[in-house]
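Q: Pasting in a structure now, in structure tokens, and then I'll have a few things to ask.
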Amino acid sequence: MLDIQLLRNDLAGVAARLATRGFALDTARFEQLEGERKVIQTRTQELQARRNATSKQIGQAKAKGEDVSAIMAEVANLGDELRQMETRLEQVQHELNAFLSVIPNMPHEGVPAGKSETDNVEVRKVGNVPQFDFEVKDHVSIGEGLGGLDFETATKISGARFSLLKGPLARMHRALAQFMLDTHTEKHGYTETYVPYIVNADSMRGTGQLPKFEEDLFRVPRQLGDEGETDFYLIPTAEVPVTNIVRDSIVPLEQLPLKFVAHTPCFRSEAGSYGRDTRGMIRQHQFDKVELVQLIHPEQSYAGLEALLGHAETILQQLGLHYRVVKLCTGDMGFSAAMTYDIEVWLPAQNTYREISSCSNFEAFQARRMQARFRNAQGKPELLHTLNGSGLAVGRTLVAVLENYQQSDGSVVVPGVLRSYMGGMEVIRAS
RNA sequence: GGAGAGGUGGCAGAGUGGUCGAAUGUACCUGACUCGAAAUCAGGCGUAGGUUUAAGCCUACCGUGGGUUCGAAUCCCACCCUCUCCGCCA
Numbered sequence: 020m021l022d023i024q025l026l027r028n029d030l031a032g033v034a035a036r037l038a039t040r041g042f043a044l045d046t047a048r049f050e051q052l053e054g055e056r057k058v059i060q061t062r063t064q065e066l067q068a069r070r071n072a073t074s075k076q077i078g079q080a081k082a083k084g085e086d087v088s089a090i091m092a093e094v095a096n097l098g099d100e101l102r103q104m105e106t107r108l109e110q111v112q113h114e115l116n117a118f119l120s121v122i123p124n125m126p127h128e129g130v131p132a133g134k135s136e137t138d139n140v141e142v143r144k145v146g147n148v149p150q151f152d153f154e155v156k157d158h159v160s161i162g163e164g165l166g167g168l169d170f171e172t173a174t175k176i177s178g179a180r181f182s183l184l185k186g187p188l189a190r191m192h193r194a195l196a197q198f199m200l201d202t203h204t205e206k207h208g209y210t211e212t213y214v215p216y217i218v219n220a221d222s223m224r225g226t227g228q229l230p231k232f233e234e235d236l237f238r239v240p241r242q243l244g245d246e247g248e249t250d251f252y253l254i255p256t257a258e259v260p261v262t263n264i265v266r267d268s269i270v271p272l273e274q275l276p277l278k279f280v281a282h283t284p285c286f287r288s289e290a291g292s293y294g295r296d297t298r299g300m301i302r303q304h305q306f307d308k309v310e311l312v313q314l315i316h317p318e319q320s321y322a323g324l325e326a327l328l329g330h331a332e333t334i335l336q337q338l339g340l341h342y343r344v345v346k347l348c349t350g351d352m353g354f355s356a357a358m359t360y361d362i363e364v365w366l367p368a369q370n371t372y373r374e375i376s377s378c379s380n381f382e383a384f385q386a387r388r389m390q391a392r393f394r395n396a397q398g399k400p401e402l403l404h405t406l407n408g409s410g411l412a413v414g415r416t417l418v419a420v421l422e423n424y425q426q427s428d429g430s431v432v433v434p435g436v437l438r439s440y441m442g443g444m445e446v447i448r449a450s
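Residue numbers for the first sequence follow my numbering, beginning at 20 and rising by one.
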């Protein structure tokens, strides 16, 4: 959510910056709602003040045993108008809130302007494109050849866009997650967390998945008595439960930055992605991810983003995988982000780079929705900045390892850093 | 699932219809005393919003939402959460 004060003070400026990411801000609508709000709120508060003063008089008069019927008659007339005004004010504020909550974040000045992913800017390439002296297979062929990847059975059990891992591949999947967690906690100073995978709507609103992107989520209905039926949601990323740790709270200055890492499954409906990445485990309804989250002082958030990006990159470097970092352009960024870097790993079978991590600074956008604050040097509560990034997507990392470490005989070499997590196994061969 | 207790400021804890945004204690800040500290004394100390050049004035907030009333922390209803005991359970 943007700061409403910013819209009041510099509506044209906000509209201009939002336009760079392809969002047309309805300034006329805002001005109309704001104007209405102003008039109604002032009037409402005026009436409330009068009611309060009069009621106080009644109390005092009664205490002295005086007759209060005259004052009572006076205040009786107030009631109707006040009720009307209060109702109207509530409506207008709801409308304003709904209007604000679907406005995306403003891109940081350092974000390149552009319309789509073709306008993203490559920041760096790390490592080299691996060369093969045989025809490379994709991870599906490799995995099925090894007897460890079984989409047919997964489809029987659940349906499309699910996968089933067995044997050494399942173990490598676990090894990857362990390796990532250990690296981030031991080398990068993150606190490991175990969090709920099912969350309430408030948490989804806090990080910006709701109200705009409900169709991307899996919703879990629950019955609570007759009326109070509130639905749960499966998390689409650990960003949601982890960032919401600080929702509605004030963090002491000396505790910043808070750095959390969590390994969770992620659930996405993938509505609207029919026909895309249907082969393999690139795009699934359920996948594991190790997520990095930082809750940080506003002055440090951009330095923090670079650091967090580096933490994610470390994993790929340790695994010996070639990748590149791209800075997303204004038109390609997610709803809540002010700046985003994607890390794209090289997949030889597709002869291209594929996203394996996305690291963003949300500035105060999420914090404002969540009322996540810290106590600044002056002792006043101030909004935090929030950062998060994948460190990394486990399923896609497994894909990258299978494809980049394949050998001509169909076996796969286990990267050195994973071997201790796999009982010393050096090569995965067909059983 | 059954029975009971409870949710008030950073914390503890009063307050059961009127001057209560809320006693008191504690923590914290400022000042006095002191060489300094402790103790003591005095003062200050919630959040959000509106309005104003500003000082200020005003509004809302006592788990959440509704209701009764001229007036609600206080009364009524629903819900959420916490705790205790019993049952069940990984």
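All C-beta atoms, glycine included, are put in the ideal place defined by N, C-alpha and C.
By how many angstroms is the C-alpha of aspartate 169 removed from the C-alpha of proline 187?
A: Here residue 187 refers to the residue found at position 168 when the first sequence is read from its first residue. Here residue 169 refers to the residue found at position 150 when the first sequence is read from its first residue. Rounded to the nearest angstrom, the two C-alpha atoms are 13 Å apart.
Q: Under DSSP, the beta strand (DSSP E) around glutamine 313 begins and ends at which residues?
A: Translated into the one-based positions of the first sequence, residue 313 becomes position 294. First-last of the beta strand (DSSP E) with glutamine 313: 305-315.
Q: Any idea which residues DSSP pairs tyrosine 475 with across the strands?
A: Any property of residue 475 remains undetermined from this structure, which presents the chain solely from 20 to 450.
Q: Alpha carbons only, please: which of Gln385, Arg438, Ala368, Met444 is nearest the one belonging to valine 155?
A: What you label residue 155 is simply residue 136 of the first sequence in a count that begins at 1. Considering only alpha carbons, the answer is Ala368.
Q: Looking at C-beta atoms only, is the number of pairs between the segment 309-318 and the segment 376-394 that lie closer than 8 Å three or more?
A: Result yes; three or more Cβ-Cβ pairs closer than 8 Å.
Q: Could you say which of Gly84, Ser292, Gln303, Leu66 lies nearest to serine 177 if we only look at CA atoms?
A: Here residue 177 is taken as the residue at index 158 of the first sequence, counted from 1. The option with the nearest alpha carbon to serine 177 is Gln303.
Q: Write down every uninterrupted run of the alpha helix (DSSP H) in the segment 220-297 whose length is 4 residues or greater and which is fully enclosed by it, in chain order.
A: Runs found: 220-226, 258-262.
Q: On the DSSP letters alone, give me the boundaries of the alpha helix (DSSP H) that phenylalanine 381 sits inside.
A: The residue given as residue 381 occupies position 362 in the first sequence. Per DSSP, phenylalanine 381 belongs to no alpha helix (DSSP H) and is neither H nor E.
Q: Within the same chain, show all residues whose beta-carbon is closer than 7 Å to that of alanine 76, passing over the 5 residues directly before and after it, in chain order.
A: Indexing the first sequence from 1 puts residue 76 at position 57. For clarity, residue 76 is glutamine in the given sequence; the question names alanine instead. Same-chain partners within the cutoff: Ile90.
Q: At which residue ranges does the segment 393-436 contain complete beta strand (DSSP E) runs of 3 or more residues, listed in the order of the chain?
A: Runs found: 400-402, 404-412.
Q: With a threshold of 8 Å, are at least 3 pairs of Cβ atoms found where one atom belongs to the segment 222-241 and the other to the segment 250-269?
A: Result yes; three or more Cβ-Cβ pairs closer than 8 Å.
Q: Thinking C-alpha only, which one of Ala331, Asp99, Ala281 is nearest valine 309?
A: Position 290 of the first sequence, counting from 1, holds the residue named residue 309. Of the listed residues, the one whose Cα sits closest to valine 309 is Ala281.
Q: So glycine 146 and leucine 347 are supposed to be a Cβ contact under 8 Å. How far apart are they, rounded?
A: Within the first sequence, numbered from 1, the residue matching residue 146 stands at position 127. Within the first sequence, numbered from 1, the residue matching residue 347 stands at position 328. Their Cβ separation, rounded to whole angstroms, is 21 Å, which puts glycine 146 and leucine 347 out of contact at 8 Å.
Q: Distance, Cα to Cα, lysine 175 vs glycine 294?
A: The sequence position of residue 175 within the first sequence is 156, counting from 1. The sequence position of residue 294 within the first sequence is 275, counting from 1. Going from the Cα of lysine 175 to the Cα of glycine 294 covers about 20 Å.
Q: Here's the rule: buried if 16 or more other CB atoms are within 10 angstroms of the residue's CB, otherwise exposed. What is threonine 63?
A: The residue given as residue 63 occupies position 44 in the first sequence. It counts as buried.
Q: Here's the rule I'm using: 16 or more other beta-carbon atoms within 10 Å means buried, otherwise exposed. How should arginine 27 be labelled?
A: As a first step, residue 27 is located in the first sequence; it is residue number 8 there, counting from the start. Arginine 27 is exposed by the Cβ-count criterion.
Q: Would you check if the distance between the CB atom of serine 379 and the CB atom of glycine 408 is smaller than 8 Å?
A: For the purposes of this step, residue 379 is identified with residue 360 of the first sequence, where counting begins at 1. For the purposes of this step, residue 408 is identified with residue 389 of the first sequence, where counting begins at 1. In contact: serine 379 and glycine 408 (Cβ atoms closer than 8 Å).
Q: Just to check my reading of the structure: leucine 406 and glycine 323 have Cβ atoms closer than 8 Å, yes? What is that Cβ distance to the nearest angstrom?
A: As a first step, residue 406 must be located in the first sequence, where it is residue number 387. As a first step, residue 323 must be located in the first sequence, where it is residue number 304. Confirmed, about 5 Å.
Q: Smallest Cα separation from glutamate 141: which of Arg388, Asp351, Arg343?
A: Here residue 141 is taken as the residue at index 122 of the first sequence, counted from 1. Nearest of Arg388, Asp351, Arg343 to glutamate 141, Cα basis: Arg343.
Q: From which residue to which residue does the beta strand (DSSP E) around threonine 210 run?
A: Position 191 of the first sequence, counting from 1, holds the residue named residue 210. Looking at the DSSP string, the run of the beta strand (DSSP E) that includes threonine 210 is 210-212.
Q: By how many angstroms is the C-alpha of isoleucine 217 removed from the C-alpha of lysine 134?
A: Position 115 of the first sequence holds residue 134. Position 198 of the first sequence holds residue 217. So the two alpha carbons sit approximately 34 Å from each other.
Q: With distances taken from CA atoms, which of Ser222, Asp296, Ala383, Val148 is nearest tyrosine 321?
A: Taking the first residue of the first sequence as position 1, residue 321 is located at position 302. For the residues Ser222, Asp296, Ala383, Val148, the minimum Cα distance to tyrosine 321 belongs to Ala383.
Q: Given methionine 191, which residues of its chain have a CB within under 8 Å of its CB, disregarding the five upstream and five downstream residues?
A: Taking the first residue of the first sequence as position 1, residue 191 is located at position 172. Result list for methionine 191: Leu417, Val420, Val433, Leu437, Met441, Ile447, in chain order.
Q: Look up arginine 40 in the DSSP assignment and say whether it is helix, strand or coil.
A: Here the question's residue 40 lines up with position 21 in the first sequence. Correct three-state label for arginine 40: coil.
Q: Rounded to whole angstroms, how far is the Cβ of threonine 39 from the Cβ of threonine 349, which I believe are closer than 8 Å?
A: Locating residue 39 in the first sequence gives position 20, counting from the first residue. Locating residue 349 in the first sequence gives position 330, counting from the first residue. Contact holds; Cβ gap of about 4 Å.
Q: Here's the rule: buried if 16 or more other CB atoms are within 10 angstroms of the residue's CB, otherwise exposed. What is asparagine 14?
A: With the chain covering only 20 through 450, there is no way to say anything about residue 14.
Q: Which residues bound the alpha helix (DSSP H) around glutamine 197?
A: Taking the first residue of the first sequence as position 1, residue 197 is located at position 178. Its alpha helix (DSSP H) spans residues 186-205.
Q: Based on Cα-Cα distance, which residue from Met104, Ala412, Val148 lies nearest to glutamate 65?
A: As a first step, residue 65 is located in the first sequence; it is residue number 46 there, counting from the start. Ranking the options by Cα distance to glutamate 65, first place goes to Met104.
Q: Please identify the residue among Met199, Ser268, Glu205 whose C-alpha is closest to the C-alpha of leucine 402.
A: Translated into the one-based positions of the first sequence, residue 402 becomes position 383. Among Met199, Ser268, Glu205, the Cα nearest to that of leucine 402 is on Ser268.
Q: What are the boundary residues of the alpha helix (DSSP H) that glycine 162 is part of?
A: Looking up residue 162 in the first sequence gives position 143. Note, glycine 162: alpha helix (DSSP H), 158-165.
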